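Residue numbers (the working numbering): 437 to 708.
Beta carbons: idealized from backbone N, C-alpha and C, even for Gly.
Computed from a predicted model, the values in this text were never measured in an experiment.
Remarks on the structure that follows.
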Ligand SMILES: NC(=O)c1ccc[n+]([C@@H]2O[C@H](COP(=O)([O-])OP(=O)(O)OC[C@H]3O[C@@H](n4cnc5c(N)ncnc54)[C@H](OP(=O)(O)O)[C@@H]3O)[C@@H](O)[C@H]2O)c1
């Protein structure tokens, strides 16, 4: 019997491409899929079809209503945006009451943060905001499948592209649920050095790349800009600079085998 995957945030940056891959898996009979959406959200191109059901949900709803909504879901993927993250612990409370739930993928999709990052007075509060559902799942003993990712290629491209993330996430969710519960995955597309990027843009432009130094003053300005997640951005820069990413540590499974666009194609995308 195939298992049932549910996904919420299906119109978002992460959710939309992931849903596309999940619909494909459902059409091939590999899973049953439930597309969770807010009433009135624009589901262009995301239609109910064979093995695909649409079901309304809103994280603002009381926990009892969420509990009713998530019935029957074995793998629950959350891909909601920042606005809904404060309610994600409530979603996890609902999932914790489901006899069907095997594992939950929290809407974090960020790099590997360590205890020093969490203890930092400026970075820590942002990380706690991002990890609310994840922490609640640990408290409640809910099966957990975190996905680590780099900075999305919407912003910068030193580590993870959205297509790679979506493709990997759909593959993971299509696997046997008990085989992915309490396992974490790293989806890392590119890992170039600063010099490799300089060389790449020099090649693309046919002239030397101008380099703007990243100064201690720049770093401090970002650290003081919590409203734009500045301290989290600094975390990526610091880890990149010190090669401090921990994608391969603590049993994290590095997802290999992605054959999407290469670094040069993604880099060229930033020129339009
Ligand atoms: N690594 C990185 O560089 C990076 C960058 C950005 C984000 N992220 C992470 O990725 C996660 C997803 O971000 P995103 O940019 O894909 O999000 P997004 O594009 O803002 O997507 C928002 C989605 O959440 C849904 N939503 C919003 N409020 C909701 C509610 N109350 N109930 C149910 N659904 C609700 C929206 O549905 P409607 O269609 O109804 O509006 C929409 O589908 C974030 O939580 C963040 O942690 C990582």
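Span of the beta strand (DSSP E), counted from its first residue to its last, around residue 469: Here residue 469 refers to the residue found at position 33 when the chain shown is read from its first residue. 468-473 is the span of the beta strand (DSSP E), which, as asked, contains residue 469.
Straight-line gap, residue 565 to residue 522 (C-alpha atoms, nearest Å): Working through the chain shown from its first residue, we reach residue 565 at position 129. Working through the chain shown from its first residue, we reach residue 522 at position 86. Near 7 Å, if we compare the C-alpha coordinates of residue 522 and residue 565.
Distance cut-off 8 Å: residue 571 Cβ against heavy atoms of ligand 1: For this step, residue 571 is matched to residue 135 along the chain shown. No, since every heavy atom of ligand 1 falls outside the 8 Å radius drawn around the Cβ of residue 571.
Where residue 416 sits in the DSSP three-state scheme: Not covered by the structure: residue 416. The range shown for the chain is 437 to 708.
heavy atom of ligand 1 below 8 Å from residue 608 C-beta: On the chain shown, residue 608 is found 172 positions in, with the first residue counted as 1. Every heavy atom of ligand 1 is 8 Å or more from the Cβ of residue 608, so no.
Separation of residue 639 from residue 568, as counted between CA atoms: By one-based count along the chain shown, residue 568 stands at place 132. By one-based count along the chain shown, residue 639 stands at place 203. Approximately 43 Å, taken between the alpha carbons.
Residue 591, buried or exposed, once every other Cβ within 10 Å from all chains shown has been counted against 16: For the purposes of this step, residue 591 is taken as residue 155 along the chain shown, with counting starting at 1. Looking at its Cβ environment, which holds fewer than 16 other Cβ atoms inside 10 Å, residue 591 is exposed.
Exposure of residue 604, with buried meaning 16 or more beta-carbon neighbours within 10 Å: The sequence position of residue 604 within the chain shown is 168, counting from 1. Classification of residue 604: buried, given that the 10 Å Cβ count is 16 or more.
Residues near residue 461 in its chain [Cβ-Cβ closer than 7 Å; skip 5 each side]: Taking the chain shown and counting its residues from 1, the one referred to as residue 461 is at position 25. 467, 606 and 610.
Element boundaries [beta strand (DSSP E), containing residue 637]: Counting from 1 along the chain shown, the entry for residue 637 is found at position 201. Careful: residue 637 lies outside any beta strand (DSSP E), inside the alpha helix (DSSP H) at 630-641.
Pair within 9 Å by beta-carbon distance, residue 625 and residue 694: The residue you call residue 625 lines up with position 189 of the chain shown. The residue you call residue 694 lines up with position 258 of the chain shown. It is a contact, given that the beta carbons lie within the stated cut-off.
beta-carbon residue 580 near ligand 1 non-hydrogen atom, thresh 8 Å: Counting from 1 along the chain shown, the entry for residue 580 is found at position 144. It does not: the Cβ of residue 580 is nowhere closer than 8 Å to a heavy atom of ligand 1.
Endpoints, the beta strand (DSSP E) within which residue 683 is located: Here residue 683 refers to the residue found at position 247 of the chain shown. Counting along the chain, residue 683 falls outside any beta strand (DSSP E), and DSSP gives it neither H nor E.
beta-carbon residue 494 near ligand 1 non-hydrogen atom, thresh 8 Å: Start at 1 with the first residue of the chain shown, and residue 494 comes out as number 58. Checking the Cβ of residue 494 against ligand 1 gives yes.
Cut-off 6 Å between Cβ atoms - residues of its own chain near residue 525, not counting five sequence neighbours on either side: For the purposes of this step, residue 525 is identified with residue 89 of the chain shown, where counting begins at 1. So the qualifying residues of the chain are 568, 569 and 572.
Span separating the alpha-carbon of residue 702 from that of residue 631: The residue labelled residue 702 in the question sits at position 266 within the chain shown. The residue labelled residue 631 in the question sits at position 195 within the chain shown. Those two C-alpha atoms are separated by around 17 Å.
Residue 535 burial status per 10 Å Cβ neighbour count (16 or more: buried): Along the chain shown, read from residue 1 onward, the residue named residue 535 stands at position 99. Exposed is the call here.
Meets three-Cβ-pair contact criterion under 8 Å: the segment 543-550 and the segment 583-590: yes
Distance CB(residue 444)-CB(residue 532) smaller than 9 Å: On the chain shown, residue 444 is found 8 positions in, with the first residue counted as 1. On the chain shown, residue 532 is found 96 positions in, with the first residue counted as 1. No, these two residues do not count as a Cβ contact at 9 Å.
C-beta atoms of residue 499 and residue 529 nearer than 9 Å: Within the chain shown, residue 499 is the residue found at index 63, counting from 1. Within the chain shown, residue 529 is the residue found at index 93, counting from 1. Contact: yes.
Span of the alpha helix (DSSP H) around residue 499: Residue numbering aside, residue 499 sits at position 63 when the chain shown is read from its first letter. From DSSP, the alpha helix (DSSP H) with residue 499 extends over 499-505.
Beta-carbon gap between residue 614 and residue 683 smaller than 9 Å: Here residue 614 refers to the residue found at position 178 when the chain shown is read from its first residue. Here residue 683 refers to the residue found at position 247 when the chain shown is read from its first residue. No, Cβ-Cβ distance for residue 614 and residue 683 is not below 9 Å.
Residue closest to residue 696, alpha-carbon to alpha-carbon, out of 596, 629, 470 and 491: In the chain shown, counting from the first residue as 1, residue 696 sits at position 260. If we check each option's Cα against that of residue 696, 596 comes out closest.
Exposure label - residue 600; buried when at least 16 CB within 10 Å: Locating residue 600 in the chain shown gives position 164, where the first residue counts as 1. Flag for residue 600 reads buried.
Helix, strand or coil at residue 697 [DSSP, three-state]: As a first step, residue 697 is located in the chain shown; it is residue number 261 there, counting from the start. Correct three-state label for residue 697: coil.
Residue 628 beta carbon less than 9 Å from that of residue 580: Translated into positions along the chain shown, residue 580 becomes position 144. Translated into positions along the chain shown, residue 628 becomes position 192. In this structure, residue 628 does not lie closer than 9 Å to residue 580 by Cβ.
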